[in-house]
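Beneath this line is the structure, given in C-alpha cells, with notes to follow.
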Amino acid sequence: MTTIWTDSTADLSPSLIERYTLSVIPLYVLLDDKTFLDGVEIQLPQLFDFVSRTGRLPKTSAASIGDFLKRFETPGPHVYIGISSQLSATLKNAILAKEHLGRDDIYIVDSLNLSTGIGMLAVEAAELRDSGYSAAQIAEEISQRVPKVRTSFIIDTLDYLYKGGRCSALQNLMGSLLSIRPIIEVRKDGTLGVRSKTRGARKKGLMSMVADFEKDLPQVWLKRVFITHTGCDEDAEFLKQELLSRAPIEEIHMTYAGSVIASHCGPNTIGILYRLK
C-alpha cells in the first residue's frame, strides 16, 4: 500500500491522521537552546507559555534530509505532500533525500500551502489511495488540485509573522494603528500576502473571511472545509455556524494549529481553508 506522508505543519488532528492512515514527519521548534519535535514534544500551551515568560519568540527548523531518508528507506511506494517550498526548506530536503536514494517510487508534491491547506490534500490523497489509485496517479491528481486550495487567516498580532520573515508584505503595516487586523492569504506561488485589512472589532475580520468564502461559493467543493486556529475555540464555533448557514458543507473540521505554524502566526489566529471544484 502507498504510504501517504505529510508533515506536522499540515495541522491535522490525531483522529484524522488515524482515520486516513497518514504518516507525519515533524518539523522542529526551537525555544532558546532547546529543540522540540513539533506535535510530539511540544504543544500550543507550552509554546505560548514560553513567549509569555521570556518575551522571546520561538524559532523553527525544517525537517532534515536525514529525517526523510529514515522514512523513505522503508519499502515504498511513498507520496509526500509538504509545506510550500516558498516557506520552508522541508520540501527541498525531501527531494534531496529522494535523489540520494535513487528511487522512482517516491513522489514529492509541493502543496504551495500551509496548515490544513496541506492537510486537506493529504486526506484527499489517502482517499485516492483507498480507491485504488497508484502512487503516480495520486501525485498527479493531487498536483492538479494544488492551485484550487484557498487559505486565509486573520492574525491578532503582527509580531510573529513579520519578525519570523514569512510575510514581507506586512512591513508597511508595522507601526500602524493597533486596531488593524490583516487577513493573510496563501498566494498561488506559495508565498504569503495581505489579502485585506479590517479595523476595529475582531468579528469584522471574521466576517470578512466568511464573505470571501461566500464569493467563492459557486465553485467551492463542499465535501470538506477546515477551520484551523491557535486556541480561539469560540471564534471557531462562530465561523462554523456562519459557514453552515450559507452552504450545505458535508464536513467542517476544526483543528488546532501545530507549534511550528503557531510560532509564525501567534495566538488568536484563525483561518478558513477549502478548495474549489
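Mapped onto my numbering, the consecutive letters of the sequence shown carry residue numbers 9 to 285.
Glycine residues also receive a C-beta, built at the ideal position from the N, C-alpha and C atoms.
All values derive from a computational prediction rather than experimental measurement.
Q. Excluding the five sequence neighbours on either side, which residues of its own chain have a C-beta within less than 7 angstroms of the C-beta of residue 72, listed in chain order?
A. Non-local beta-carbon contacts of residue 72 in its own chain, meaning distances under 7 angstroms to residues more than five positions away in sequence, involve 101 in chain order.
Q) When we look at the beta-carbon of residue 9 and count the other beta-carbons within 10 Å, is it buried (16 or more) or exposed? A) exposed
Q: Take the Cβ of residue 110 as the centre, count every other Cβ of all protein chains shown within 10 Å, and call the residue buried at 16 or more, exposed below.
A: exposed
Q: Specify the secondary structure class of residue 226 as computed by DSSP and reduced to three states.
A: helix
Q: Can you say whether residue 139 is buried or exposed, counting buried as having 16 or more other CB atoms within 10 angstroms of its CB?
A: exposed
Q.
So, with DSSP's three-state summary, where would you put residue 259?
A. strand
(Q) Quick check on residue 27: buried or exposed, where buried means 16 or more other Cβ atoms within 10 Å of its Cβ? (A) exposed
Q) Which residues in the same chain have their Cβ closer than 6 angstroms to the Cβ of residue 250, if we skip the five residues on either side of it in sequence? A) When the five nearest sequence neighbours on each side are left out, the beta carbons in the same chain lying within less than 6 angstroms of the beta carbon of residue 250 are those of 218, in order along the chain.
Q | Separation of residue 191 from residue 160, as counted between CA atoms | A | 7 angstroms
Q. Among 263, 194 and 247, which one has its Cα closest to the Cα of residue 283?
A. 194
Q: Compute the Euclidean distance between the alpha carbons of residue 19 and residue 271, then round it to the nearest angstrom.
A: 13 angstroms
Q) What is the DSSP secondary structure of residue 211, reduced to helix, strand or coil? A) DSSP, reduced to helix, strand and coil, places residue 211 within a helical segment of the structure shown.
Q. Who does residue 132 pair with in a DSSP beta bridge?
A. DSSP lists no bridge partner for residue 132.
Q. In whole angstroms, what is the alpha-carbon distance linking residue 62 and residue 55?
A. 11 angstroms
Q) Three-state secondary structure (DSSP) at residue 185? A) Summary for residue 185: the model assigns pLDDT 44, below 50, so the residue's position carries little reliability; its value from the coordinates is reported in the next sentence. Here residue 185 sits in coil by DSSP.
Q.
Measuring straight from C-alpha to C-alpha, what distance separates residue 47 and residue 265?
A. 10 angstroms
Q: Use the C-beta contact count for residue 209: other C-beta atoms within 10 angstroms, 16 or more gives buried, fewer gives exposed.
A: Burial call: exposed.
Q) So, helix, strand or coil for residue 175, using DSSP? A) In this prediction, residue 175 has a pLDDT of 47, which is less than 50 and means its spatial position is unreliable; what the coordinates show is noted afterwards. Coil at residue 175, not helix or strand.
(Q) Buried or exposed, going by whether 16 or more other CB atoms sit within 10 Å of the CB of residue 106? (A) buried
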